[in-house]
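Contents: one structure, followed by commentary.
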Amino acid sequence: MSPAELIAIGAPVISIAGFALWFRGRRSREERRAIQEFRTQRERLEAKFFDLAAASGKPRGLRWVNCDWGRDVTFARDARTSLLTAFVAVEIQFEAVEGGDMEDVDAVGTIRDASAVFHYQAGQWGTGGKALFNMNPQEALKRLTDQFEPIESQPAGGDNLS
Numbered sequence: 002m003s004p005a006e007l008i009a010i011g012a013p014v015i016s017i018a019g020f021a022l023w024f025r026g027r028r029s030r031e032e033r034r035a036i037q038e039f040r041t042q043r044e045r046l047e048a049k050f051f052d053l054a055a056a057s058g059k060p061r062g063l064r065w066v067n068c069d070w071g072r073d074v075t076f077a078r079d080a081r082t083s084l085l086t087a088f089v090a091v092e093i094q095f096e097a098v099e100g101g102d103m104e105d106v107d108a109v110g111t112i113r114d115a116s117a118v119f120h121y122q123a124g125q126w127g128t129g130g131k132a133l134f135n136m137n138p139q140e141a142l143k144r145l146t147d148q149f150e151p152i153e154s155q156p157a158g159g160d161n162l163s
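At position 157 of the sequence shown (counting the first as 1) the number is 158 in the working numbering, and the numbers step up by one without a gap.
Take a look at the structure:
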């Protein structure tokens, strides 16, 4: 091969490889920044989650009483949209709505384990008040393995990132 042919073939390959490395580094920086922001905003995000979930009317016939937040957080990236997602361990307590269908059900007072869902979009963490019941954050990620890719890095602070 002539030097011109090597350059013609090599230049695009090197350019593509360089772009891939740049993109990977950019994505990693975004993940680190987002995780740090989650830590600093966590209390506000938890309060927002509770307000939205309590106002949703779900589960029907139950009123949200309390959320006891666990330390366990699992971060992942949505495979379709690339949005960063945080699954946070939470124990949720309900009470029956007076006059509702659940008023005579003994299990209403049972504390429910769940994973609260948060998303990072356009540089901001937010929540829709969605809870994945009967699963901790690791179980949520395992069950949703087709939808989410775990974030493999482990930053300081002890959050579980996979």
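Ideal Cβ placement from N, Cα and C applies to all residues, glycine included.
- From the DSSP output, which residues share a beta bridge with Leu133? Ser116
- Query: Does DSSP classify Leu85 as helix, strand or coil?
  - Reply: strand
- Item | Alpha-carbon spacing of Gly127 relative to Leu145, whole angstroms | 20 Å
- Please work out which residues of its chain come closer than 8 Å, Cβ to Cβ, to Gln42, disregarding the five sequence neighbours upstream and downstream, and give them in chain order. Trp126
- Query: Looking at the structure shown, is Ile152 part of a helix, part of a strand, or coil, going by DSSP?
  - Reply: coil
- Message: Distance check for Met2 and Asp79, CA to CA, integer angstroms please.
- Response: 44 Å
- Beta carbon of Ile93, beta carbon of Ala123: below 8 Å? no
- Please name the residue, chosen from Ala108, Phe149 and Phe88, that lies closest to Met167 on a Cα-to-Cα basis. The requested residue 167 is not part of the displayed model; the chain covers only 2 to 163.
- Return helix, strand or coil for Arg78, following the three-state DSSP convention. strand
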